[in-house]
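When we follow the numbering used here, the leftmost residue of the sequence shown carries the number 1, and every step to the right adds one. Think of the CB as a built atom: it goes at the ideal place given N, C-alpha and C, for glycine as much as any other residue. Just so we're clear, the structure is a prediction, and the values are computed from it rather than from any experiment. Quick notes on the structure that follows.
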Amino acid sequence: MRTGGRFGHTEEPVDTLLARTNYFRETYVYGEEVFSPDAAFLMDHDRLVTAARRLHGRPVIEPSILYANVMVPGQELAVHTDVPEFRGANRKTTPQWLIVVMHHSGLFSEWQMPIATGICYFGGGEGGELAYYPDGPGGDARVYRPRHNTGVMLDTDSVFHGVDRVRGDEAQLPLITARQRLGYAGDETWEVSDADGETVAKYRTDEIRLSVSWKAYCFSDQAERDAWRAHSDDLTLGTILDRLEADLRQRGTLAGERPPDAAFGKMLIDAYIRFPAAG
Ligand SMILES: [Fe+2]
């Protein structure tokens with residue numbers, strides 16, 4: 001919203017912006033929990049594991065999650081970095097915005113888990129290109145155009161990235177709201193249904209953009225993996241906030257008392273997170 005995004009969409013009504021980004025997700029595997037045995041074969045897929053080793057130059061790969069994103073025509077995903085993970089600070093223990101601040105501050109790198117993200121594309125759909133900034137937020141965007149049965153591997157915690165708009169008939173886009181479900185109805189047709197089970201929109205298979213994302217921890221050796229498993233060197237919330245506060249004071253951003261939580265949070269986001277400029 002602040003930078004105007006890749007295409008300057010901020011003129012649109014809030015409802016439209018929400019519908020554009022309110023895409024569908026299905027989790028197949030999360031840690032030890034397997035929700036879709038049919039998709040689980042991708043977890044240890046050779047090509048993904050090999051690419052992840054190359055990405056960080058770390059040989060011990062521990063696949064952690066697998067999920068699908070499904071987008072319909074008119075949907076897109078604004079430029080962002082993913083929520084990373086630190087020993088002692090993950091989505092289950094720590095607010096996501098704070099984890100992103102921790103990453104961009106660079107103050108906690110010794111606790112950070114190097115993660116590789118693979119995005120696999122299946123089926124058709126028009127648009128929905130992956131836009132990413134390999135030279136940092138100040139550099140130019142590059143674009144990967146998805147093709148059936150291909151994948152990309154990148155460090156989505158560090159590299160800003162987004163999904164350009166899925167092209168096609170946007171007539172049904174305003175009907176997409178929170179808490180709806182998308183399901184296959186047979187005959188190459190997908191139906192969006194609301195909380196009551198009423199069908200509110202229909203799409204053909206070749207209109208939707210399906211990607212399956214895979215994330216894996218990348219360790220340099222077994223000892224590092226063991227330290228993560230044993231929680232022998234975990235951060236605490238107190239340590240995290242104290243270290244950030246000390247850094248703000250050193251930068252001259254903060255003087256006097258630490259502000260109340262909400263104001264302190266906004267101060268941290270403004271101080272550390274820099275998005276790419278529009279265009
Ligand atoms: Fe992402």
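State the CB to CB distance for the pair residue i and residue j, rounded to an integer number of angstroms; the pair is presumed to be in contact (CB under 8 Å).
i: residue 101; j: residue 81; result: So it is not a contact: roughly 11 Å between Cβ atoms.
i: residue 73; j: residue 173; result: 7 Å
i: residue 160; j: residue 60; result: With a Cβ gap of about 27 Å, residue 160 and residue 60 do not count as contacting.
What is the rounded straight-line gap between the Cα of residue i and the Cα of residue j?
i: residue 204; j: residue 277; result: 35 Å
i: residue 129; j: residue 162; result: 8 Å
i: residue 225; j: residue 239; result: 23 Å
i: residue 58; j: residue 29; result: 23 Å
i: residue 266; j: residue 272; result: 10 Å
i: residue 71; j: residue 252; result: 43 Å
i: residue 38; j: residue 169; result: 31 Å
i: residue 213; j: residue 228; result: 23 Å
i: residue 220; j: residue 188; result: 44 Å
i: residue 114; j: residue 55; result: 10 Å
i: residue 197; j: residue 215; result: 32 Å
i: residue 167; j: residue 94; result: 36 Å
Over the uninterrupted alpha helix (DSSP H) stretch that includes residue i, give me the two end residues.
i: residue 110; result: Per DSSP, residue 110 belongs to no alpha helix (DSSP H) and is neither H nor E.
i: residue 23; result: Where residue 23 is concerned, there is no enclosing alpha helix (DSSP H), given that its DSSP letter is neither H nor E.
i: residue 266; result: 261-272
i: residue 245; result: 237-251
i: residue 42; result: Counting along the chain, residue 42 falls outside any alpha helix (DSSP H), and DSSP gives it neither H nor E.
Between which two residues does the beta strand (DSSP E) harbouring residue i extend?
i: residue 181; result: 181-186
i: residue 162; result: 161-163
i: residue 142; result: 142-144
message: Strictly closer than 5 Å from CB to any heavy atom of ligand 1: give me those residues in the order they appear in the chain.
response: 82 and 156
- prompt: Would the region 45-62 and the region 16-30 be scored as touching if the rule is three or more Cβ pairs under 8 Å?
  reply: no
message: Check whether the region 136-143 and the region 91-111 are in contact - that is, three or more C-beta pairs closer than 8 Å.
response: no
message: With three or more C-beta pairs closer than 8 Å as the rule, is the region 148-168 touching the region 230-250?
response: no
message: With a threshold of 8 Å, are at least 3 pairs of Cβ atoms found where one atom belongs to the region 193-207 and the other to the region 112-129?
response: yes
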